[in-house]
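See structure below.
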Amino acid sequence: MHYKSAAALSATALWRQTTVHSACESGKSPKPGFIMATTEFTSCSGGRDNHKRIYRLYREQGLSLRLKRLRRNKSAQRRQPQPEGLYPNHVWGMDFVSDSLFDGRRLRLLTVIDLYTRECLGICVGQNLRSTEVAELLNAIALRRPLPQLLKTDNGSEFAGKMLDKWVYERGIRIDFSRPGTPTDNATVESFNGRLRQECLNENWFMSLEDARCKIEAWRIHYNQRRPHSALGWMTPSEFAEKSAGCQNMQPT
């Protein structure tokens, strides 16, 4: 059995009286901050108790709060707004779309668009997509075409972390973040995602993750090869990309 001295018991009683008195005066639950509680308690005890005893009593009364570690939600680099794509593979845009499987399980999609040709370069489908999946999709696209000079994204944690910063730095790619609450900064990708939802996600039931991947990839191919685009003079993205193939050789220096 653990015994407390008379002084300790007296200190505990005084502590409780002090915290309750403080709570009654403030009109709130008895959870004063540690510094305020230390000041009040030391004053009441005539300075006989040090901060270690006060801290122990503070914890025993269940007054300690777990401090949340602040998460960095911005990239380390300073960003400036950048123009839309001027030629193929000049600027790619990325964004996430949320949906669900037939049984309600979460479904997330990462879309990557060439902002000049309007081609959908890839769609990653999963339930929990992180910065690792972002890098993997970009690496897969890089196997069949040159990487861009600039990436446009929002400030999501998957895009604003150190991993993507490192990935673009190692490849000499700049990155431009849209302003918070301003989807028009990445309007081309937002428009594409609206078509994806209207023409694919809202028109299909996805029975499994693999089923979702197959149906979404089939729609992506159809979008690139068969769907005319008003901004491209009613050509498909693939037709416009083929016509614009020489533009990349005439890019400004």
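Mapping of the sequence shown onto the working numbering: residues 3 to 255, in sequence order.
Backbone N, C-alpha and C fix where the C-beta goes; we use that ideal spot for every residue, glycine too.
query, result
"Coil, strand or helix - Phe98 by DSSP", "strand"
"In DSSP terms, what Arg120 is bridged to", "Bridge partners of Arg120: none, in fact."
"Per-residue burial, Tyr118 [other beta carbons within 10 Å of its own, 16 or more giving buried]", "buried"
"Where the beta strand (DSSP E) through Asp178 begins and ends", "Arg176 to Phe179"
"Residue burial classification, Leu145 (beta-carbon count within 10 angstroms, cutoff 16)", "exposed"
"Cβ separation of Glu121 and Asn226, assumed to be a contact under 8 Å, to the nearest whole Å", "5 Å"
"Whether Leu153 touches Ile125 by CB criterion (8 Å)", "no"
"Proximity to Trp207 [Cα-Cα], best of Val114, His231, Pro90 and Ser102", "Ser102"
"Alpha-carbon to alpha-carbon, Cys216 and Leu210", "According to the sequence shown, residue 210 is Ser rather than Leu. Distance between the alpha carbons of Ser210 and Cys216 is about 10 Å."
"Continuous alpha helix (DSSP H) stretch holding Leu153: start and end", "Where Leu153 is concerned, there is no enclosing alpha helix (DSSP H), although the beta strand (DSSP E) it sits in stretches over Leu152 to Thr155."
"For Asp156 and Val114, the rounded distance between their alpha carbons", "13 Å"
"Distance, Glu212 Cα to Gly147 Cα", "For the sequence presented, residue 147 should be read as Arg rather than Gly. In a straight line, the C-alpha of Arg147 is about 26 Å away from that of Glu212."
"Closest by C-alpha distance to Ser133, when choosing among Ala214, Leu203 and Met165", "Met165"
"Ser133 at chain C interface by Cβ criterion, 8 Å", "You won't find chain C in this structure, because it holds only one protein chain."
"Short Cβ contact (8 Å threshold) for Arg107 with Gly128", "no"
"Chain-order list of residues whose beta-carbon lies under 7 Å from that of Ala243 (same chain, five-residue window excluded)", "Pro90, Thr119 and Glu121"
"Bridge partners - Arg229, DSSP secondary structure assignment", "None; Arg229 has no bridge partner."
"Gly248, buried or exposed, once every other Cβ within 10 Å from all chains shown has been counted against 16", "exposed"
"Assigned exposure category for Asn130 - 16 Cβ within 10 Å defines buried", "exposed"
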